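Protein sequence lines correspond, in order, to chains B and E.
Quick note: the first sequence uses our numbering, first residue 1, plus one each step.
Quick note: the second sequence uses our numbering, first residue 1001, plus one each step.
Every residue, glycine too, gets a C-beta built ideally from N, C-alpha and C.
Note that the structure is a prediction, hence the values are computed from the model and not measured.
This report concerns only the one structure given below.
Protein chains: 2
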Amino acid sequence: MSELKNDLLLKALQGEVVSRPPVWMMRQAGRYLPEYLELKAKYDFFTRVETPELACEITLQPIDIIGSDAAIIFSDILVIPQALGVQVLMEEGKGPVLPATIKTKADIDSLQVQGAAERLDYVCKAISLTKRELNGRVPLIGFAGAPFTILCYMVEGKGSKTFDKAKQFCFTQPELAHQLLQKITDATIEYLKAQVKAGADCVQVFDSWSGMLSPDDFNAFALPYLKQISNALSPLCPVILFPKGSWYALKELTNTSVSAIGIDWTITPAFAREQTSNNITLQGNFDPTKLLMPVPEIQNAVKKMIDDFGVQRYIVNLGHGILPNIPVDNAKAFVDAVQNYQA
Amino acid sequence: MSELKNDLLLKALQGEVVSRPPVWMMRQAGRYLPEYLELKAKYDFFTRVETPELACEITLQPIDIIGSDAAIIFSDILVIPQALGVQVLMEEGKGPVLPATIKTKADIDSLQVQGAAERLDYVCKAISLTKRELNGRVPLIGFAGAPFTILCYMVEGKGSKTFDKAKQFCFTQPELAHQLLQKITDATIEYLKAQVKAGADCVQVFDSWSGMLSPDDFNAFALPYLKQISNALSPLCPVILFPKGSWYALKELTNTSVSAIGIDWTITPAFAREQTSNNITLQGNFDPTKLLMPVPEIQNAVKKMIDDFGVQRYIVNLGHGILPNIPVDNAKAFVDAVQNYQA
């Protein structure tokens, strides 16, 4: 492996002093880039995910086009249910559907943790290939969904505003829920370890739906599994955790082995720094809709955001995934505004 | 009007000492009650809303069946766009659709604030009728949607997970957004005043989507209009504000003229009391999905919730609307657990 020419992300994650914060964008690989949409027109979703050359090409696009300070491997959090033996259908524009939802102990017993990471070897191949193609330009982020978020999809069977079925499963059959969460966790740890072995410089765990839980339920159904993953991975590489909507858990999460916490735009920099005792790297938290503002307003908002978070222990990002209708020039203006930041 | 036999809600709103907290449930009128579903099978949504006898009957059902300490008039927040001259379609099970979304200044100029409250006279008739039928058993709550939430529907044209179009409208055309918000506010104030005149004992303002906004944007697009409504109504009756998801605004909202703030289940009682300096009535915040738990667990959770909030300046409620699949016995167990509460 070649030395990293741009190691801002890793420095920020390790709490080292940087000249400016690094910037990348969630879902930067895909959606709003014309070059991605061309590939999307030719290959269906899982072909793009499962073909290392395609995943590599998509991962590199935002590095070449908008110049982010980090790449994130193009994949999907629902590869874990697939690897456990559950069918996942992806209809373009409609979101995922898992026809065989988890309902019983037998459903959970039938999940195949053994060999799950090996069945996702195509992701590791894509990571190795991407590392080679990046040739040290920027670090590469691996990722997985958090166990509670994966449970949401496996029980609900599709996206939802409120994931009531998934929560009902947790609240009325907590023993089964914990069995399922443990299986997802075990597979996820092996999967993330394989990603690091293949070349990922750090990993991010997406708990996209943890914010649907009360603080007590977060502590019961999300936190223990996040800790298991972080404790298993943090000796190997920095771990970024993004528990969307779980503003109430910031203090608790500061006392874990994660290197950084991603936050959404409902959390002010002051609140986040106070809750985390200014003692952990924060990532976020630009409202993705604000990338539709005129470029000068984006520039002002980025400057204010960095002023408010501070340059150190901070990774500039959105507070959730980039929207498909963001003009590329606006995405680039966001990245440029960070890279040209002057206090 | 007869004297109220059960004035717990009004006492809690006025900060007077009560022997136990009052309890009611958001969306208690409808959805999960077989008696409501019978009417739903016979009459379409707007017939139920616009026929005072039907709205009255539906409003009374939860008082008779589960024994809540307050009734809330059966209606819908989208009557305001209708009264302003915008078509609202309601397909059962699909949510609302507003085919003519607001896009331009001309769209806003065409809205008819003048006479809007009068066009909602059927709601006031339903309130008068319900007050008579209640005969002082419990207080009657009137309600309206908050201006930002109504803007969301008028611009987006339907429900959404993220209301990106509505937020884009606010962020890229803030002047138009404020014109629209002011028109909604003006109509809402007249509408709520008419509800009070017709007999509503207090009013609740539902800001169901304010939690999609960052604190700065809440202060720009939600708070000023909430304050206008509260300042206009609070001389007439207590005002309850439910800004779902806007946990970050609790401190700010304490310094307004509202009598109570509704909170969702992501907010712990301790955080809410601390942010509000233990100086305002709080309403909430049971996770609606938890009504699917076995009755003894509901009872324990209700007891713990009251212990944690405290008996005074507290109104027991859910943290959002009741789900359609809640067994009536469980809803009744929730109410009973409050009414039988022993410290």
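By Cβ distance below 7 Å, which residues in the same chain neighbour residue i in space, the five residues on each side in sequence not counted?
i	result
E/R1137	K1005, N1006 and I1063
E/G1142	I1073, I1127, L1192, Q1195, V1196, A1200 and V1203
E/F1163	C1152, E1156, W1209 and M1212
E/P1081	V1088, L1098, I1150, Y1153 and M1154
E/E1190	A1116 and A1117
B/Q179	I108
E/L1140	A1071, I1073, I1127, T1130, K1131, L1134, G1199, A1200 and D1201
E/C1056	A1126, L1129, T1130 and E1133
For the alpha helix (DSSP H) containing residue i, name the first residue and the last one.
i	result
B/Y153	P147 to E156
E/D1358	Chain E is shown from 1001 up to 1343; residue 1358 of chain E falls before or after that span and cannot be answered.
E/T1162	Unbroken run through E/T1162: none, as it is neither H nor E.
E/D1301	According to the sequence shown, residue 1301 of chain E is Ala rather than Asp. Counting along the chain, the alpha helix (DSSP H) containing E/A1301 begins and ends at V1295 to F1309.
B/K5	Neither: B/K5 is in no alpha helix (DSSP H) and is coded neither H nor E.
B/I363	Outside the displayed range of chain B (1 to 343) lies residue 363 of chain B, so it cannot be described from this structure.
E/Y1043	Note, E/Y1043: premise wrong, no alpha helix (DSSP H); not H, not E.
E/V1196	P1174 to A1198
Among the residues of its own chain, which have a CB less than 6 Å from the CB of residue i, if the five just before and after it don't count?
i	result
B/W265	N285, D287 and G319
B/G321	M26 and R27
B/I66	A331, K332 and V335
B/A220	none
E/L1008	V1018, P1022 and D1069
E/V1295	A1333
B/T276	L250 and T254
E/C1170	A1177 and F1221
E/A1260	L1013, I1240, T1281 and Q1283
E/M1001	Note that E/M1001 has pLDDT 48, beneath the 50 cutoff, so the model's placement of it is unreliable and the number below is only indicative. There are no such residues.
B/P238	L13, C202 and S259
B/K11	V18
B/P215	Y248
Where does the unbroken beta strand (DSSP E) through residue i begin, and where does it stop?
i	result
B/D287	Premise fails: B/D287 is in no beta strand (DSSP E) and is neither H nor E.
E/I1063	Per DSSP, E/I1063 belongs to no beta strand (DSSP E); it is in the alpha helix (DSSP H), P1052 to I1065.
E/V1023	Counting along the chain, E/V1023 falls outside any beta strand (DSSP E), and DSSP gives it neither H nor E.
E/N1317	Y1314 to L1318
E/P1096	G1095 to V1097
Kindly list the residues whose CB is nearer than 8 Å to the CB of residue i, restricted to its own chain and excluding five residues on each side of it in sequence; keep chain order.
i	result
E/D1414	One cannot answer for residue 1414 of chain E here, as it falls past the ends of chain E, which runs 1001 to 1343.
E/I1298	K1290, L1291, N1330, A1333, F1334 and A1337
E/S1270	This sequence places Ala at residue 1270 of chain E; Ser is not what is there. The residues are D1308.
B/R273	L282, F309 and G310
B/C124	A194, Q195, K197 and A198
E/L1060	A1071, T1130, E1133 and L1134
E/N1278	R1313
B/Y341	R20, P21, V302, K303, I306 and V311
E/F1045	D1076, M1090 and E1092
E/K1094	none
B/L323	R31, Y32, P288, T289, L291 and L292
Indicate, with yes or no, if the ligand COA has a heavy atom lying under 7 Å from the CB of residue i.
i	result
E/P1099	Inclusion of the ligand COA in the displayed structure is not the case, the ligand content being empty and no account of it being possible.
Q) Just by C-beta distance, which residues in the region 192-213 of chain B are closer than 9 Å to chain E? A) G211, M212 and L213
(Q) Going residue by residue through the region 203-289 of chain B, where are the continuous beta strand (DSSP E) segments of at least 3 residues, counting only ones entirely within it? (A) 239-243, 260-262 and 281-286
Q: Below 7 Å between beta carbons is the criterion; list the residues of the region 292-307 of chain B that meet it against any residue of chain E, in chain order.
A: L292 and M293
Q: Mind the definition here: the region 244-251 of chain B touches the region 1215-1232 of chain E only if three or more C-beta pairs lie below 8 Å; say whether that holds.
A: no
**Q.** Interfacial residues, the region 1233-1249 of chain E to chain B, with Cβ spacing under 9 Å
**A.** G1245, S1246, W1247 and Y1248
Q) In the region 157-176 of chain B, which residues sit with their C-beta less than 7 Å from some C-beta in chain E, listed in chain order? A) K161, D164, K167, Q168, F171 and T172
(Q) Would the region 105-119 of chain B count as touching the region 35-43 of chain B if we require 3 or more Cβ pairs under 8 Å? (A) no
Q. According to a CB-to-CB cut-off of less than 7 Å, which residues of the region 279-293 of chain B neighbour chain E?
A. D287, T289, K290, L292 and M293
Q. Can you give, in chain order, each stretch of the alpha helix (DSSP H) that sits fully within the region 78-128 of chain B and has at least 4 residues?
A. 79-83, 105-109 and 116-119
**Q.** Contact list for the region 304-329 of chain B against chain E, Cβ threshold 7 Å
**A.** L323
(Q) Under 8 Å, CB to CB, which of the residues in the region 262-281 of chain B have a partner in chain E? (A) W265, T266, I267, T268 and F271
Q: For the region 1096-1123 of chain E, enumerate the residues whose C-beta is nearer than 9 Å to any C-beta of chain B, in chain order.
A: none
Q) Going along the chain, which residues of the region 1214-1230 of chain E sit with their C-beta nearer than 9 Å to a C-beta in chain B? A) S1214, P1215, D1216, D1217 and F1218
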